[in-house]
Amino acid sequence: SSDCSLLPHSEFWIRSNRIVTPQGVIPGAVKIKGGRIASVISGDRKSSEFPRKHVVDYGDAVVMPGLVDVHVHLDEPGRTEWEGFLSGTKAAAAGGVTTLIDMPLNSYPSTVSEETLRDKIKAAEGKIYVDVGFWGGLVPENAFNESALKSLLSAGALGLKSFMCPSGINDFPMTNSTHIKEGLYTLASYKRPLLVHTELVIESESTDEIKNDISDVRSYSTYLKARPTSWEEAAIRELQAALDETKRGGLAEGAHIHIVHLSDAGTSLNLIKDAKSNGASVSVETCPHYLAFSAEEVKDGDTRFKCAPPIRDEVNRQKLWNALLEGHIDMLSSDHSPSIPELKLPEEGDFLRAWGGISSLQFVLPATWSSGLKYGITLNQLATWWCEKPTKLIGQQNKGTIVSGNHADFAVWDPNIEFTIDDSHVTFHKHPNISAYMGKRLSGKVLATFVRGNLVYSGGQHSPKACGETILAK
Ligand SMILES: NC(=O)NC(NC(N)=O)C(=O)[O-]
Ligand SMILES: [Zn+2]
Ligand SMILES: [Zn+2]
């Protein structure tokens, strides 16, 4: 219906001097018809083939494929007071994110069966401004139950997600490497990925020390000691046998392992590089908060910065950027993981007990751009990390690039406009004040967002109706 878009036409052109295509950034125009890209023409306004009617001219603003965020916790049903489909997808639209994949935990119940996936799909109905897909959960309860996993995957889960450490959510227990292998065998026949939170709890002397010394729970260095890089390393080592089975000829050939939110750019990253060069089917993401912030700047008691694995030191931050630029890190995701503000324990500022998770969904594009400017990142690199690679991970064919036939999903933004995220900045997250980006000055303002040809966000306004679609694997 026309309420799905802030534009009255279903057939129109978008013009800009900077359209991000797989062949590079070009001046030109994109024709949109029936929600798809009908054609892409290059050249300037003066050329005779240029359309004159129904043209939305964005001038020098960038027209990029909409962002595909593969790691978002929207918490609905069951914990809608934390976020929810409405507020979460409004924030996504305002941030240029046109597709997001919801994590199977933090909602209640967790998405670990066909039935709970159906609950999700139902809860999303009429409440999503962008397209939304779903990861299912791999947990001890379903890992050995092939038919349960098959019905979850057949109902459309794009893949499975599991934790190698406690998730913080009671009905989402952690898996060991045997569960993971079992899950991979089933995933192999569906050719879908397993996403893994790779931290393995190592109880050590220092763990005991930290437990006994609660005096410094407000200090960020205490949190860093409590969750060292050796946890990430140990988890990836533990995953080695499973990684081996994804190789050609392996028992889990056809399955793929995707390591979420890598924080350690040291040995953990090297282990992933080795697995890749040994032929494992593996990819890895990191998140803008690991690229934009470093441990040194986290103030005592400021639990808005608490996430797992933790934001590490400045040297590590720069190494993460280099790994991304060199292609060893494949893609980016937000890991938007909000809660109610009280769970962040703003009064106590206790880093050990506060909820772990960074709220960032609306800010990932300017956060990546602002932080990447010093590294000379290009618009095409942004599109690789935020659009193309994530689209491949979720097994979709018609998104992620500005190419004829694809969905007309675009983020239109001005790299030069600076703004400060403060109380006057309109943020659509349910709880804007728990974001670690509060107070941060960023450049790169999202002007407009199109989802399948619908102008769903423009200049601070959303379309009257939420017409995003659910993405189910077939
Ligand atoms: N239960 C969570 O949302 N956990 C998340 N928390 C973070 N990243 O701090 C995550 O993805 O691990
Ligand atoms: Zn995680
Ligand atoms: Zn997460």
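Going by mature numbering (1 follows the signal peptide of the UniProt record, and there is no 0), 219 is the number at position 219 of the sequence shown; the sequence numbering is gapless. Even glycine gets a Cβ: it sits at the ideal position worked out from N, Cα and C. Being a predicted model, the structure only gives us computed values, none of them experimental.
Task: Minimum length 4: unbroken alpha helix (DSSP H) runs contained in the region 137–163 - done: 140–143 and 146–154
Open item on the list: I'd like to know if the region 352–370 and the region 16–30 are in contact, where contact means that at least 3 CB-CB pairs between them fall below 8 Å.
Closed with: no
- [ ] Taking ASP274 as part of the alpha helix (DSSP H), name the residues at either end of that continuous run.
- [x] Translated into the one-based positions of the sequence shown, residue 274 becomes position 274. Here the alpha helix (DSSP H) through ASP274 covers 267–277.
Open item on the list: Considering only the alpha carbon of each residue, which of VAL63, SER2 and GLY59 lies closest to VAL20?
Closed with: For the purposes of this step, residue 20 is taken as residue 20 along the sequence shown, with counting starting at 1. Out of VAL63, SER2 and GLY59, VAL63 has the C-alpha closest to the C-alpha of VAL20.
- [ ] Could you tell me whether any non-hydrogen atom of ligand 2 is closer than 7 Å to the CB of VAL284?
- [x] The residue labelled residue 284 in the question sits at position 284 within the sequence shown. Not under cutoff, so the answer is no.
Task: DSSP state of SER16 mapped onto helix, strand, coil - done: Walking along the sequence shown from the start, residue 16 turns up at place 16. Strand at SER16.
Task: Contiguous beta strand (DSSP E) assignments of at least 3 residues, all confined to the region 50–129 - done: 55–57, 62–65, 67–72 and 97–102
Task: Beta-carbon proximity check, GLU146 vs THR186, cutoff 8 Å - done: Taking the sequence shown and counting its residues from 1, one reaches residue 146 at position 146. Taking the sequence shown and counting its residues from 1, one reaches residue 186 at position 186. Yes, the Cβ-Cβ distance between GLU146 and THR186 is below 8 Å.
Task: Neighbourhood of PHE363 by C-beta distance below 6 Å, restricted to the same chain and skipping five residues each side - done: As a first step, residue 363 must be located in the sequence shown, where it is residue number 363. So the list reads TYR437, once near-sequence residues are dropped.
Open item on the list: Contact defined as beta carbons within less than 8 Å: I believe VAL196 pairs with PHE172. What is the distance between those atoms, to the nearest angstrom?
Closed with: Along the sequence shown, read from residue 1 onward, the residue named residue 196 stands at position 196. Along the sequence shown, read from residue 1 onward, the residue named residue 172 stands at position 172. Contact flag wrong, Cβ pair sits at about 13 Å.
Task: Length of the line joining the Cα atoms of PRO464 and PHE50 - done: One-based indexing of the sequence shown puts residue 464 at position 464. One-based indexing of the sequence shown puts residue 50 at position 50. The alpha-carbon atoms of PRO464 and PHE50 are separated by roughly 31 Å.
Task: Within 6 Å of ligand 3: residues by beta-carbon to any heavy atom - done: HIS71, HIS73, MET103, ASP335 and SER337
TODO: Report the rounded CA-to-CA distance for PHE419 versus ALA38, giving the unit in angstroms.
DONE: Your numbering for residue 419 matches position 419 in the sequence shown. Your numbering for residue 38 matches position 38 in the sequence shown. Spanning the two alpha carbons is a distance of roughly 35 Å.
TODO: Count the other C-beta atoms from every protein chain shown that fall within 10 angstroms of the C-beta of residue 475, then say buried if there are 16 or more, exposed otherwise.
DONE: Residue 475 lies beyond the range of the chain shown here (1 to 474); nothing can be said about it.
- [ ] May I ask you to report which of helix, strand or coil DSSP gives ASN406?
- [x] As a position in the sequence shown, residue 406 is number 406, starting the count at 1. Coil, per DSSP.
Task: Top-ranked residue by Cα proximity to residue 528, from ILE272, ASP216 and GLY78 - done: Outside the shown range of the chain (1 to 474) lies residue 528, about which nothing can therefore be said.
- [ ] Would you tell me roughly how many angstroms separate the C-alpha atoms of GLY137 and ILE169, rounded to the nearest one?
- [x] Mapped onto the sequence shown, residue 137 falls at position 137. Mapped onto the sequence shown, residue 169 falls at position 169. Roughly 12 Å between the two C-alpha positions.
Open item on the list: Quick check: is any heavy atom of ligand 2 less than 7 Å from the C-beta of VAL260?
Closed with: As a working note, residue 260 is residue 260 in the sequence shown. It does: the Cβ of VAL260 is within 7 Å (strictly closer) of some heavy atom of ligand 2.
- [ ] Using DSSP bridges, identify the partner residues of GLU253.
- [x] Locating residue 253 in the sequence shown gives position 253, counting from the first residue. BP columns for GLU253 point to ALA255.
Open item on the list: My output table needs one value for HIS429: the three-state DSSP class, helix, strand or coil.
Closed with: Position 429 of the sequence shown, counted from the first residue, corresponds to residue 429. Residue state, collapsed to three classes: coil.
TODO: Please name the residue or residues paired with GLY28 in a DSSP beta bridge.
DONE: As a first step, residue 28 is located in the sequence shown; it is residue number 28 there, counting from the start. Bridge partners of GLY28: SER16 and SER42.
Open item on the list: Quick check: CYS307 and LEU67, are their CB atoms within less than 8 Å of each other?
Closed with: By 1-based counting over the sequence shown, the position of residue 307 is 307. By 1-based counting over the sequence shown, the position of residue 67 is 67. Taking 8 Å as the Cβ cut-off, CYS307 and LEU67 do not qualify as a contacting pair.
- [ ] Verify whether the separation of the beta carbon atoms of LEU153 and SER283 is less than 8 Å.
- [x] Here residue 153 corresponds to residue number 153 of the sequence shown, with the count starting at 1. Here residue 283 corresponds to residue number 283 of the sequence shown, with the count starting at 1. Not closer than 8 Å, so no.
Task: Alpha carbon of ALA275 to alpha carbon of LEU243, nearest angstrom - done: The count along the sequence shown starts at 1 and reaches residue 275 at position 275. The count along the sequence shown starts at 1 and reaches residue 243 at position 243. Roughly 7 Å between the two C-alpha positions.
TODO: Put THR198 into one of helix, strand or coil per three-state DSSP.
DONE: In the sequence shown, the residue the question calls residue 198 occupies position 198. In this structure, THR198 counts as coil in the three-state DSSP scheme.
Task: Bridge partners - ARG36, DSSP secondary structure assignment - done: Within the sequence shown, residue 36 is the residue found at index 36, counting from 1. For ARG36, which the question treats as bridged, DSSP gives the partners LYS33 and HIS407.
Task: Beta-carbon separation (whole angstroms), PHE134 vs LYS120, contact threshold 8 Å - done: On the sequence shown, position 134 is the one that residue 134 refers to. On the sequence shown, position 120 is the one that residue 120 refers to. Contact flag correct, Cβ pair sits at about 6 Å.
TODO: Could you spell out where the alpha helix (DSSP H) holding ARG317 opens and where it closes?
DONE: Taking the sequence shown and counting its residues from 1, one reaches residue 317 at position 317. It spans 314–325 - the alpha helix (DSSP H) in which ARG317 sits, taken as one unbroken run.
Task: Among LEU343, HIS256, ASP264 and ALA148, the one whose alpha carbon lies nearest that of PRO228 - done: Along the sequence shown, read from residue 1 onward, the residue named residue 228 stands at position 228. The candidate whose alpha carbon is nearest that of PRO228 is ASP264.
- [ ] Can you have a look at LEU194 and say buried or exposed, based on whether 16 or more other CB atoms are within 10 angstroms of its CB?
- [x] Reading the sequence shown from its first residue, position 194 is the one you call residue 194. Flag for LEU194 reads buried.
Task: Nonlocal neighbours in the same chain, by C-beta distance under 7 Å from HIS328, ignoring five residues either side - done: On the sequence shown, residue 328 is found 328 positions in, with the first residue counted as 1. For HIS328, where only same-chain residues beyond five positions count, the Cβ hits under 7 Å are LEU269 and LYS273.
- [ ] With a cut-off of 8 Å on the beta carbons, I'd call TYR220 and ASP335 a contact; round off their distance for me.
- [x] Working through the sequence shown from its first residue, we reach residue 220 at position 220. Working through the sequence shown from its first residue, we reach residue 335 at position 335. TYR220 to ASP335, Cβ: 18 Å. No contact.
Open item on the list: Give me the residue from TYR108, LYS440, PHE85 and ARG36 with the minimum Cα distance to ALA292.
Closed with: In the sequence shown, the residue the question calls residue 292 occupies position 292. ALA292 has its Cα closest to that of LYS440, out of TYR108, LYS440, PHE85 and ARG36.
Task: Supposed contact pair ILE471 and VAL70 - C-beta distance, whole angstroms, cut 8 Å - done: On the sequence shown, residue 70 is found 70 positions in, with the first residue counted as 1. On the sequence shown, residue 471 is found 471 positions in, with the first residue counted as 1. With 8 Å as the limit, VAL70 and ILE471 do not qualify as a contact, their Cβ atoms being about 11 Å apart.
TODO: Spell out a yes or no on whether the region 95–113 and the region 405–412 are touching, meaning 3 or more CB-CB pairs, one atom from each, closer than 8 Å.
DONE: yes
Open item on the list: What I want to know is whether the C-beta of HIS197 ends up closer than 7 Å to one or more non-hydrogen atoms of ligand 2.
Closed with: Here residue 197 refers to the residue found at position 197 when the sequence shown is read from its first residue. Yes; taking the cut-off as 7 Å, the Cβ of HIS197 has a heavy atom of ligand 2 nearer than that.
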